[in-house]
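Residue numbers (this note's numbering): 8 to 178.
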């Protein structure tokens with residue numbers, strides 16, 4: 008039985024921050040900054056802020072692609088639903104669903120059964136999670152661009168290349 012009470016946005020963002028954002032984005036950037044002799048603490052704070060947001064953006068994309076991505080393009084068949092992952096889509100579904108729809112999630116999420124997966128994916132369609140994701144993607148991109156353009160402690164464009172690489176990615 009899935010304990011859906013633990014599938015909150017707060018829990019999800021904590022997982023994403025430490026699972027993806029910190030070690031995939033911030034630590035490599037901070038190491039490069041150290042190697043380049045950067046000593047300004049404000050620069051590390053701003054790099055941390057940007058990198059955590061980049062990592063969250065990247066992981067939410069990954070969760071989206073797990074469900075909606077083309078396996079031929081992403082190189083794998085998504086298994087987040089069957090594997091009972093606390094992913095962005097299920098958290099969004101739980102935020103939007105009716106009591107009846109929640110029952111569908113309770114009965115089908117985290118089951119290694121193709122029919123159960125189909126029911127969850129159909130629910131995602133009913134809840135229009137693809138549109139929710141597209142809105143999130145555009146808002147997050149704009150937010151990151153704004154942060155990057157307004158900061159003065161890091162070289163201009165330092166993280167822009169990272170954002171450009173992951174924005175609208177298909178794999």
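Where a beta carbon is used, it is the ideal one built from N, C-alpha and C, also for glycine.
Return the chain-ordered list of same chain residues with a C-beta closer than 8 Å to the C-beta of residue i, the five sequence neighbours on each side being excluded.
i: residue 33; result: 54, 55, 58, 59, 62
i: residue 51; result: 37, 40, 45
i: residue 68; result: 144, 173, 176
i: residue 134; result: 99, 100, 103, 104, 108
Keeping to the same chain, check which residues put their C-beta closer than 7 Å to that of residue i; ignore five residues upstream and five downstream.
i: residue 174; result: 148
i: residue 75; result: 137
i: residue 166; result: 57, 61, 155
i: residue 113; result: 9, 11
i: residue 139; result: 99
i: residue 27; result: 62, 65, 66
i: residue 179; result: The first residue shown for the chain is 8 and the last is 178, placing residue 179 beyond what the model contains.
Counting contacts by CB-CB distance shorter than 8 Å, is residue i in contact with chain D?
i: residue 112; result: In the structure shown, chain D cannot be found, because there is only a single protein chain.
I need the boundaries of the alpha helix (DSSP H) containing residue i, first residue and last residue.
i: residue 35; result: 34 to 42
i: residue 142; result: 136 to 157
i: residue 170; result: 167 to 173
i: residue 163; result: Here residue 163 belongs to no alpha helix (DSSP H), and DSSP marks it neither H nor E.
i: residue 19; result: 16 to 23
Between residue i and the rest of its own chain, which residues show a CB-CB distance below 6 Å, the 5 nearest in sequence each way excluded?
i: residue 71; result: 140
i: residue 73; result: 85, 87
i: residue 151; result: 60, 170
Cβ contact check for the stretch 111 to 118 and the stretch 88 to 97: 3 or more pairs under 8 Å: yes
Stretch-stretch touch, CB-based, cutoff 8 Å, three pairs: the stretch 93 to 107 with the stretch 13 to 22: yes
Alpha helix (DSSP H) runs wholly inside the stretch 53 to 121, at least 4 long, in chain order: 78 to 81, 95 to 103, 106 to 115, all fully within the stretch 53 to 121.
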